[in-house]
Amino acid sequence: MTRLADLTWTDVRDRAAAGALLAVPIGATEQHGPHLPLSTDTDIAVALCDRLARARDDVLVAPPVAYGSSGEHAGFPGTLSIGLEATELLLLELGRSACDTFDHLLFVSAHGGNTTPVARAVARLRAETRDVQVFSPRWSGDPHAGRTETALLLALRPEAVRSARAVPGNTRPLAELMPDLRSGGVLAVSESGILGDPTGATAAEGHTLLDTLTTTLLREVTTWREPSAA
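Under full-length UniProt numbering, the sequence shown has 188 at position 188, and the numbering climbs by one with no breaks.
The structure is reproduced here in structure tokens:
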């Protein structure tokens with residue numbers, strides 16, 4: 001696995017000339033309940049990019065984008081949001097700069113609140129004839145800081161999970177919560193910041209999901225870069 005930041009500019013020049021693609025992890029710095037770190041979304045995005053790079057020697061992993069559109073988590077200390085427009089502009093300019101070196105660019109975005117700005121930035125980059133793809137991991141289950149994300153962090157960074165603080169949050173279906181979420185954010189529906197129930201999550205569940213997500217990511221990248229092999 002090779003990380004862009006560990007290389008020199010001449011190393012990068014040679015790798016890019018050989019057809020390397022740049023994978024950029026996109027996350028957020030936002031609350032994930034009293035038991036998960038603010039880096040949860042970023043950790044997941046980085047892990048998926050790292051796994052992709054281990055599976056494909058043509059992948060370089062960029063330093064992560066650790067800030068995004070997290071306004072729905074306002075009111076929880078530690079959440080750092082740059083909003084929709086700034087996220088879109090950041091990714092647009094980052095993409096333009098990356099494509100000065102790399103012919104192929106992949107955004108791996110693990111924060112749902114970034115969906116719209118990522119899509120808009122990618123659309124503009126493609127309109128400028130740049131070869132850009134985006135992968136956003138999806139799973140069923142609790143929407144935020146619940147069993148699924150807790151399991152993923154137990155698999156990735158167990159030392160960062162405060163399991164004793166994991167408590168059930170608001171477990172109502174997301175569709176029922178959306179009106180209040182749109183008007184008042186997560187704080188309006190969950191004092192803990194948890195949407196779901198993280199209790200009982202295990203690292204084994206997390207490893208299984210990571211394997212599934214990695215397989216999906218690898219398949220999509222193979223279809224993109226090697227359509228005849230897919």
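We put the CB at the ideal spot given by N, CA and C, even for glycine.
As the structure is a computational prediction, the values presented were derived from the model and not from experiment.
Exercise. Per DSSP, what kind of secondary structure is Val122 in: helix, strand or coil?
Worked result: helix
Exercise. So, are the CB atoms of Leu213 and Phe76 less than 9 Å apart?
Worked result: no
Exercise. What separation, rounded to the nearest whole angstrom, lies between the Cα atoms of Leu91 and Arg182?
Worked result: 24 Å
Exercise. Which residues mark the beginning and the end of the alpha helix (DSSP H) in which Ile44 is found?
Worked result: Thr40 to Ala55
Exercise. Which value, in whole angstroms, describes the spacing of the CA atoms of Asp57 and Arg165?
Worked result: 40 Å
For this session: Could you confirm whether any beta carbon from chain B is found closer than 9 Å to the beta carbon of Ala45?
Result: Any reference to chain B falls outside this structure, which holds one protein chain only.
For this session: With a threshold of 16 other CB atoms inside 10 Å of the CB of Glu198, please say whether the residue is buried or exposed.
Result: The identity of residue 198 in the sequence shown is Pro, whereas the question assumes Glu. By the 10 Å Cβ count, Pro198 comes out buried.
For this session: Go ahead and pull the three-state DSSP assignment for Cys6.
Result: Rather than Cys, the amino acid found at residue 6 in this sequence is Asp. In the structure shown, Asp6 sits in a helix (DSSP, three-state: H, G or I).
Problem set entry | Contact belief for Ser69 with Ser81 at Cβ below 8 Å, rounded distance in angstroms | 6 Å
Exercise. Enumerated in chain order, which unbroken segments of the beta strand (DSSP E) with a length of 3 residues or greater are wholly contained in the segment 104-154?
Worked result: 104-109 and 131-135
Exercise. When the Cα of Leu36 is compared with those of Ile194, Ala66 and Ser136, which residue comes out closest?
Worked result: Ile194
Exercise. Going by alpha carbons, who is nearest to Phe135 out of Ala175, Leu7, Ala110 and Ala204?
Worked result: Ala110
Exercise. Where DSSP assigns a beta bridge to Val161, which residues make up the other side?
Worked result: According to DSSP, Val161 bridges with nothing at all.
For this session: Taking the CB atoms as reference points, tell me whether Gly95 and Ala121 lie closer together than 9 Å.
Result: yes
For this session: Report yes or no: do the segment 146-160 and the segment 32-49 share at least 3 C-beta pairs separated by less than 8 Å?
Result: yes
For this session: Measure how close the beta-carbons of Ala45 and Val108 come, nearest whole angstrom, since I'm counting them as under 8 Å.
Result: 5 Å
For this session: Could you tell me how far apart the beta carbons of Leu22 and Pro137 are, in whole angstroms, since I believe they sit closer than 8 Å?
Result: Leu22 to Pro137, Cβ: 19 Å. No contact.
Exercise. Going by beta carbon distance, what residues of the same chain come within less than 7 Å of Trp224, once the five residues before and after it are set aside?
Worked result: Gln133
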